[in-house]
Every structure is written in C-alpha cells, then in structure tokens.
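Residue numbers (the numbering used here): 10 to 408.
The structure appears below as structure tokens.
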Amino acid sequence: MSTPLVRGRWMAQTSEVIHSLGPDDVARLDPLTRIEELRQRASTFDHNGWYPRRIHTDLLGALVAATAGESAARALLERTGHVVAARGDDPFLRLAIKVMSPALFVKSLSRLWSVEHQTKEAFITESCEPEAGHAVVRLAHVDGYEHLGPVVAGWMRALLLELTSAEVSVTDSGWTLAHPAPREVRFELKWPAVEAPSESDEGNEIRELIIESLLTLSLAHRDEYASAPVLMLKGPTPLKVFLAWVNEMLILLAAEHEQGVVFRRQLGEKLVTVEQQRAAIRDLSTPIIEVWNGVLCLPVVGIIDTVRSVDMTKALLRAVVEKDARYAIVDITGIDVMDTRTADHFVQMAKAVRLIGARYALAGVSPEIAETVVRMGVDLHELMTYRNLREALQAWIRT
C-alpha cells in the first residue's frame, strides 16, 4: 500500500531533529551538506499541508546516514516520531486519546495515522486481547518509504503518553539498518491485564462514537476546516443531537474558510495593484529627460527622503549607463526647502554618477536654498551648482 502524501509537520519536525544533532549523534560529516539542503527545503512547509512523502523519506535517510550503527539510527528515528506527536497542537486528537482505552487505541490506529498520512487502513490488527493486555498490529507495507518502523514506534509512544487509562509499552520488529523498508513491520503493545471489562457494551459504543467524532474533528482542524466532514448520527438521542450540532458547526466553519480564501485572494490582488501603483508613482517621480545629446536631466519636485533618494540614484545611474550619457543635471527648482539630510543625498548621488564616468551638476539653486545651506554649514563644494537649467546646459556646451 502506498502513501503518496504526508503532513508537512512530519518533514519540518524531522528537519528540526536533524538540525539539533550534536557530536554525540553525528558519526559521519559527509551527509551534512545534503541534510542542510533538505532541512532548508522542509523548513518552508506548512505544518498542516500535504506534501510528497519522498521528501520525508530523504530526510530520514539523511538522518540515518549521519549516525553510527543500528542502535544510534533507531534512537534518532524513534526520537523523530516522538517529536512529531509530542509537538502537535491538535486539541481534538489529544482529547480523543485521553478517553481511549488501550483496546480502542489499537482499534483507532488507522484513523490516527490517516490524520498524518493520506492513506486508509494502514494498520492491520493481527490480535487484540483487552483483558490479557496484549495486542499485535502490523503496518501495511509502503513502497519506497524507508526507516518508517522506529519512527512509528516513537510516534505511538508519544501518543500513548496522553492515554489516561493505562500505561502501554510499544516494541516494533521487522526494521533493520540493512533492511530499512521491510515487507512487514509489527508492533506489540502491552498494558496491565484486567479481570473483566469495566464498561458496558452500550457505554463502550458511546465512547467509540465520541472518539470517532473527535478524530473527524481533528482531521477537519488539521485541514483548517477547508471541508465539512459529516459525523454519523448514531447512538442515544442526546448524542445524536450533539453530533447534529457539530455537523452544523463544521458546515459554518467550512463556509467561513471559503470566505477567508476569497478574501485573501482579493487582498492579494489589491496588494499587487497597490505595488504596481507605487512603482508607477516612483517612475513618475523620477522622470529622466535627455535634453541634449549625451546630457540627462532629472527634475526633482517635493520632499526627498532616504527611500526616494535611493530610487532616484538608481534610476539616474541606470539611465546614464543605458544612454551612454556624459553629463547629468539634477534640477531642484521644485524644492522649496533643503536640510542637511537632503543636501547629503545629492552629494552621494554626485559621487555615484562620477564613479561611472559622467559629470554631475545641481541646477535650480534658489537664493533661499543657498542662504539655508550656508546657514546650516552644509558643504557642497564637491558639487557644480547653477542657478537654473539653462546655465547648466550652457556650461556643458562651452566645454
């Protein structure tokens, strides 16, 4: 049986385990480059999203390749499964496990697994003796999914920590380092034996219905309520009423999710439009005109801040290179006030233009700006300044 997809958090948590490897864990350094590449890839995954299991298999393979020997590999693989289950934030799943008996846990394994992997009937119960406290389950073979046995064992142990009815031990058999993808992996579960069932058949049926409903809610929660799974209306009338109410809630949540998707799409489209408008404004705010052969003019109007200064400098330098200009005139006739920071922007712009082999001139310096610059002690001796654009052009022509 193949498992085409796996939850993104399985890959993200596996990458975290890999990232936390210390000297006591790592025996070989040569797989680390591959590990880092896979870890970076996995770090971008949405924890609740579905992704190809091949990536997770590659991560597990890289993890094993960095260890020395079977026991070290097994320990790290079990740690991976444990971390995935222990760091889950699914309240429905945790509540479902808390109300399970060990026998119901065994019965529910396939459902628990399907929350994490897109597959059905992954586990086959070979035997289950609730009163004897013993069960054996077999994981259906997954083509190409290596090193899964110890991972599932660690996953089971972490889930069983939530089980309040009894302590359950788990051991797996079938996986070895030499055979990382065996045809069969068996898990033996043991818990304290009981003399007789502590619950009636009706009570046990109600418990199963509640667990089934909680696991359905867990799947909906993981999928961010993108769909509205229907709970079966079984059991006593009060339970049916409750389940019907939950169904209505799921339908409402699915509708809200759909509205949220539409809203986010519309918001994204608006943000793209806003960015396009900003880009158009930036282009309009930095018009560069070729006023003479090899001469460019950048008229500046309004307030100059750092962002606009950077945009103007980039646009002017690009135009100088593209048009092979030898002279750039920045006309500041439209600027009413110039402070120290604004003056420094023009000085830096002049230096950048000269670095690419063109001359730079500042035109349109009014008496008010000249007086302000002198009063503030701003040093503009590095700039060629002119009263207006005509004088700046005449100076170029004379040369």
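Virtual Cβ for every residue (Gly too), placed ideally from N, Cα, C.
Being a predicted model, the structure only gives us computed values, none of them experimental.
query: In angstroms with no decimal places, state the Cα-to-Cα distance between L168 and T76.; result: 26 Å
query: For a test of the three-state rule: what should DSSP assign to W19, helix, strand or coil?; result: helix
query: Provide the residue(s) that pair with P308 in DSSP beta bridges, ordered along the chain.; result: D340
query: Taking the straight line between their C-alpha atoms, what separation do you get for E275 and L259?; result: Checking the sequence, you will find Gln at residue 275 rather than Glu. Taking the straight line from one Cα to the other gives about 24 Å.
query: Using only alpha-carbon positions, find the residue among I406, D353 and E400 that is nearest to L389.; result: D353
query: Using only the alpha-carbon positions, how far apart do R396 and V374 sit?; result: 5 Å
query: Where does S117 sit, in a helix, a strand or coil, going by DSSP?; result: coil
query: So does the segment 123-136 actually touch the segment 78-85, counting three or more Cβ pairs closer than 8 Å?; result: no
query: Could you give the first and the last residue of the continuous beta strand (DSSP E) run that contains I133?; result: F132 to E138
query: Thinking C-alpha only, which one of V26, Y369, V309 and L30 is nearest E344?; result: The question names Glu, but residue 344 in the sequence shown is Ile. The shortest Cα separation from I344 among V26, Y369, V309 and L30 belongs to V309.
query: Rounded to whole angstroms, how far is the Cβ of R368 from the Cβ of R327, which I believe are closer than 8 Å?; result: That pair is no contact at about 17 Å.
query: Cβ of V26 within 7 Å of Cβ of V92?; result: yes
query: Using the Cα positions of S119 and E130, report the straight-line distance between them to the nearest angstrom.; result: 5 Å
query: Return the CA-CA distance between Q22 and G311, expressed in angstroms with no decimal places.; result: 52 Å
query: Just the Cα atoms here: how many angstroms apart are F272 and G58?; result: 20 Å
query: Does the contact criterion of 3 or more C-beta pairs under 8 Å hold for the segment 359-367 versus the segment 376-384?; result: no
query: Express the C-alpha separation of V250 and W164 in angstroms, rounding to a whole number.; result: 34 Å
query: Return yes when the Cβ of K107 is within less than 7 Å of the Cβ of E176, no when it is not.; result: no
query: Kindly indicate which residue of E284, E331, R317 and T282 has the alpha-carbon position closest to the one of L305.; result: E331
query: DSSP three-state call for L392: helix, strand or coil?; result: coil
query: Looking at M347 and T322, is the spacing between their C-beta atoms short of 7 Å?; result: no
query: Since W301 and L402 should fall inside the 8 Å C-beta cutoff, what is the C-beta to C-beta distance between them, to a whole number of angstroms?; result: 6 Å
query: Along the chain, where does the beta strand (DSSP E) that runs through S178 open and close?; result: S178 to S182
query: First and last residue of the alpha helix (DSSP H) that includes V146?; result: Segment H143 to L148 is the beta strand (DSSP E) holding V146; no alpha helix (DSSP H) there.
query: Below 8 Å on the Cβ atoms is my guess for P189 versus G183; work out the distance and round it to an integer in Å.; result: Not really, about 11 Å apart at Cβ, beyond 8 Å.
query: Roughly how many angstroms lie between the CA atoms of P159 and S178, to the nearest whole one?; result: 14 Å
query: Suppose only complete runs of 3+ residues qualify. What are the beta strand (DSSP E) ranges in the segment 346-373, listed by chain order?; result: 368-372
query: Report yes or no: is there a C-beta of chain C within less than 7 Å of the C-beta of M165?; result: Among the chains of the structure shown, chain C does not appear; only one protein chain is present.
query: Hey, how far is the Cα of E221 from the Cα of T282?; result: 46 Å
query: List the DSSP bridge partners of H126.; result: V15
query: Under three-state DSSP, which class holds W405?; result: helix
query: Could you say which of P100, Q286, T180 and R16 lies nearest to W200 if we only look at CA atoms?; result: T180
query: Identify the continuous alpha helix (DSSP H) that holds P4 and give its terminal residues.; result: Absent from the structure is residue 4, since the part of the chain shown begins at 10 and ends at 408.
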